[in-house]
Each structure stands twice: as structure tokens, then as C-alpha cells.
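> Take a look at the following structure, please.
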Amino acid sequence: MSGGLAPSKSTVYISNLPFSLTNNDLHQILTPYGRVVRVAIVKDRESRKSRGIAFALFLDRNDARQCASQLNNTKLFGRTLKASIAKDNGRAAEFIRRREYPNKSRCYECGEFGHLSYKCSKNALGERVPPVKRRKDRKKSDSKRPRGSGVGAEPYEGTNSADDDVDGEEEGEEPGLDSWSAAVNYQTNLLSQSSSTSSLLEPNRKRRIRQDTYFSDEEELEEDV
């Protein structure tokens, strides 16, 4: 895949967003720039209102760079957006930590029953068509690792990343990509698969893959909105 796969280089930090935007709204805005793996809007811990800050993980780092470049200083609903590639500041644990969402019968944006966030009336840009979900063969992966072991274990069915101030998309964009850690693992696996051919040609050369830590913008996240 062009540009390679590296979460630390393919996540866009966006600030000064309109407070009314939801994860689904932002996903629709960013989709034209490339394949969006995940979107997470930072919210106030107490009020649960948007702080106008978000992170968007792209599958391709070139798409992320293009998004950051073209989105920066553009206006949206009267506000001038700021966008750049996110920087790792050592706060990975806060964004990798998962929360459980066993109830799929209610919308996580408004809390009402009868619809999911894709069709929530709070979406300023209207409904978003849910992506087609594709199930992978879990038997092979399950046989290689114990259930619930380590970061990214059991990334399917009702899991989400985040500390209390980051709301990601509960319904997920891809099976196994509904947590930050799962997205990192997914990209690492793709990188391993893409290098298998070259590994056969160079048997003495081993590729070492280090899982990237995740990030936020410390100063922006610590200020009050």
C-alpha cells in the first residue's frame, strides 16, 4: 500500500471543530481524503459535550498527510479548522484503553433507543450509510492467542477505545477495527502480510515490527472549553 502503514504517521489531529459535529459527521467530511479507519471526538468529562478536538486514523499515511494539508485553515460552519499529523506525547494508554458497549440497541450519540448513531438526528450532515461489515476467520487467530490476552485482544463485538473524554465510533468501521489498539494491530498485520513475499526472497533478513504508541495533543486536551 502506498506510503506504508504506520499509525503514528497516519493519524490527523483536528481542532477548532464546530461543537455540533458528531463522529459520523466528521467521518463524512474526511472520507473524500481516503480510507478512514477510525474517528474519535474529544469530549468534556463532565458535560460530555464536544471540545472541538478530534483524531482521525487513516489507513494510508499519504491520505493522512493530504487531509491535514488540505483541511488546515479551511472554514466549516464559520470556524477555521486546524489540522496536522498527530504527535505522540506518551499518553498511549489513555487512548488504547477500551470500554465495553454491550448494548447495541441504543444510539451512543443521543442515548435514545430505536436507532444507531449512523441515523441519529444529532448528525449535522444527515445520515451516513453504515459500512458493509466483513467477518474474518477468527478460528485461526483465536488458536494463536488466548482470549483476552494483551492489548487489542477480542477487538470484535461491542468494544471501544478511549478514556472518558474520547468518544469513538461504537459501531466500528470494520470488524476488528473498533478500538485504537485493534486498528494498530490490524495495520501491523497488513504490513507483515505485504512483506511476506520480500521475506521469501531475502530469508536472512528479518523485519522487526514495533507497535507504535498512541498520541494526543497534551496542551489542547488539558485546556478547558
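Using UniProt numbering, the first residue of the sequence shown is number 1, and each one after it goes up by one. Glycine included, every Cβ here is placed at the ideal spot set by N, Cα and C.
Have a look at D63 and N73 and give me their C-alpha separation to the nearest angstrom.
In the sequence shown, counting from the first residue as 1, residue 63 sits at position 63. In the sequence shown, counting from the first residue as 1, residue 73 sits at position 73. The straight-line gap from Cα to Cα measures roughly 17 Å.
> By the 10 Å Cβ neighbour count, where 16 or more other Cβ atoms means buried, how is K43 classified, buried or exposed?
Counted from its first residue, the sequence shown places residue 43 at position 43. The residue is buried, with at least 16 neighbouring Cβ atoms inside 10 Å.
> Take R65 as the anchor and find which of I29, P18, S84 and V36 has the nearest alpha-carbon.
On the sequence shown, residue 65 is found 65 positions in, with the first residue counted as 1. That would be S84, whose Cα lies nearest to the Cα of R65.
> Considering Cα atoms alone, identify which of H27, A86 and R45 is closest to R38.
As a first step, residue 38 must be located in the sequence shown, where it is residue number 38. For R38, the nearest C-alpha among the options comes from H27.
> Confirm, please, whether the CB-CB distance from P18 to L59 is below 8 Å.
On the sequence shown, position 59 is the one that residue 59 refers to. On the sequence shown, position 18 is the one that residue 18 refers to. For L59 and P18, no; Cβs fall outside 8 Å.
> Leaving aside the five residues before and after S15 along the sequence, list all residues of the same chain whose C-beta is less than 7 Å from its C-beta, in chain order.
Indexing the sequence shown from 1 puts residue 15 at position 15. Result list for S15: G52, I53, K82 and E220, in chain order.
> Tell me, please, which residues DSSP counts as bridged to A83.
Taking the first residue of the sequence shown as 1, we reach residue 83 at position 83. According to DSSP, which records beta bridges pairwise, A83 is partnered with I14.
> Does the distance from the CB of L30 to the CB of A56 come in under 8 Å?
For the purposes of this step, residue 30 is identified with residue 30 of the sequence shown, where counting begins at 1. For the purposes of this step, residue 56 is identified with residue 56 of the sequence shown, where counting begins at 1. Against a cut-off of 8 Å, the Cβ pair of A56 and L30 comes out as a contact.
> So, A86 versus Y33, is the Cβ gap smaller than 8 Å?
What you label residue 86 is simply residue 86 of the sequence shown in a count that begins at 1. What you label residue 33 is simply residue 33 of the sequence shown in a count that begins at 1. Contact: no.
> If you follow the beta strand (DSSP E) that S47 is part of, which residue opens it and which one closes it?
Indexing the sequence shown from 1 puts residue 47 at position 47. From DSSP, S47 is part of no beta strand (DSSP E); its letter is neither H nor E.
> Here's the rule I'm using: 16 or more other beta-carbon atoms within 10 Å means buried, otherwise exposed. How should T80 be labelled?
Taking the first residue of the sequence shown as 1, we reach residue 80 at position 80. T80 is exposed by the Cβ-count criterion.
> Starting from L71, follow the alpha helix (DSSP H) in both directions and report where the run begins and ends.
Taking the first residue of the sequence shown as 1, we reach residue 71 at position 71. It spans R61 to L71 - the alpha helix (DSSP H) in which L71 sits, taken as one unbroken run.
> Among all the DSSP beta bridges, which residues are the ones paired with residue 227?
With the chain covering 1 to 225 only, the question about residue 227 has no answer from this structure.
> By DSSP, does L76 sit in helix, in strand, or in coil?
Within the sequence shown, the letter at position 76 stands for residue 76. In the structure shown, L76 sits in a strand (DSSP, three-state: E or B).
> What do you get for S47, buried or exposed, if any count of 16 or more other CB atoms within 10 angstroms of its CB means buried?
On the sequence shown, position 47 is the one that residue 47 refers to. S47 comes out exposed.
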